[in-house]
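Notes follow once the structure below has been shown.
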Amino acid sequence: MMEHRDETRAAYDEVVELYASLFANKLETQPFARNMIGTFAELVRETGNLRAADVGCGPGHLTAMLHDLGLDAFGLDLSPAMIDHARRAHPALRFDEARMEDLPVEDGTLGGVLAHYSMIHTPPGELPALLAEQVRVLAPEGLLLVSFFGTEGPEPVRFDHKVTPAYSWPVDRLADLLAKAGLVTFARLLHDPASERGFLDTHLLARRP
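Okay, here's the thing in structure tokens:
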């Protein structure tokens with residue numbers, strides 16, 4: 380059987396052009412997410428460490444957005460086809476193939492990490508280790524913005540995402556995992572259901588002390 384990372388890689392490799400076309404507007408139609416990313420970029424700039432990773436960057440649209448917002452941003456993604464597209468679409472920026480649980484980044488060197496719906500395919504039991512890796516690469520006072528599908532139930536819910544199976548999370552449960560990883564969550568934004576499934580679009584902004 381294919382391991383979930385292999386399934387995710389293969390699934391996204393197959394939908395690169397369609398996926399890129401759907402998100403080429405850099406969140407112009409998603410004001411809540413766009414402004415949360417803007418806040419993240421502003422706070423990263425205030426730390427003085429402009430280096431930021433867009434983990435699970437896909438076609439690179441948000442990496443480019445972070446660059447436009449004044450950050451020294453680079454993109455990382457599991458899918459080689461997504462990385463190829465990002466490099467073609469944004470040739471001035473850096474994009475590398477990488478796994479979120481094994482980032483090619485030195486300890487404590489980043490001012491920010493953006494994880495925009497890129498942790499949703501990780502099985503719940505593996506998420507603590509993945510979060511620990513994001514903390515490893517953050518400098519003190521560095522920020523993590525994680526966006527995901529929120530649910531009001533007590534447990535994560537596995538669902539059939541349009542690309543490959545994913546999980547929605549109770550907001551307090553994921554915030555607790557961030558705390559256990561060593562982060563302090565200081566802002567959260569939940570807004571209207573993202574789909575007919577009724578999940579909430581959810582954004583947590585946390586800082587490494």
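Take the sequence shown: its letters are residues 380 to 588, numbered as in our numbering. Each residue gets a CB set at the ideal place from its N, CA and C atoms; glycine is no exception.
| request: For S400, name the three-state secondary structure that DSSP assigns. | output: One-based indexing of the sequence shown puts residue 400 at position 21. DSSP places S400 in helix when its eight states are reduced to three.
| Inter-residue spacing [alpha-carbon to alpha-carbon] between R388 and P549 | If you number the sequence shown from 1, residue 388 lands on position 9. If you number the sequence shown from 1, residue 549 lands on position 170. Roughly 26 Å separates the two Cα atoms.
| query | The beta strand (DSSP E) spanning A468 covers which residue range? | reply | Sequence index remark: in the sequence shown, residue 468 carries index 89 (1-based). Looking at the DSSP string, A468 is not in any beta strand (DSSP E); the run it does join, the alpha helix (DSSP H), is 459-468.
| Contact check, L482 vs H446, beta carbons under 8 Å | Looking up residue 482 in the sequence shown gives position 103. Looking up residue 446 in the sequence shown gives position 67. No, they are not a contact pair.
| request: Count the other C-beta atoms from every protein chain shown that fall within 10 angstroms of the C-beta of T408, then say buried if there are 16 or more, exposed otherwise. | output: Within the sequence shown, the letter at position 29 stands for residue 408. Per the 10 Å Cβ criterion, exposed.
| message | In whole angstroms, give me the CA-to-CA distance for E476 and T501. | response | Within the sequence shown, the letter at position 97 stands for residue 476. Within the sequence shown, the letter at position 122 stands for residue 501. Looking at the two C-alpha atoms, the distance is approximately 17 Å.
| query | Expressed to the nearest angstrom, what Euclidean distance is found between the alpha-carbon atoms of G437 and G561? | reply | By 1-based counting over the sequence shown, the position of residue 437 is 58. By 1-based counting over the sequence shown, the position of residue 561 is 182. Roughly 27 Å separates the two Cα atoms.
| message | Using 8 Å as the cut-off, can you tell me whether the region 413-433 makes contact with the region 507-523, which would need three or more C-beta pairs spanning the two stretches below that distance? | response | yes
| query | According to DSSP, is H383 helix, strand or coil? | reply | Taking the first residue of the sequence shown as position 1, residue 383 is located at position 4. Note: H383 maps to helix in three-state DSSP.
| request: Can you grab the Cα-Cα spacing for the pair D456 / E382, in whole Å? | output: For the purposes of this step, residue 456 is taken as the residue at position 77 of the sequence shown. For the purposes of this step, residue 382 is taken as the residue at position 3 of the sequence shown. Spanning the two alpha carbons is a distance of roughly 17 Å.
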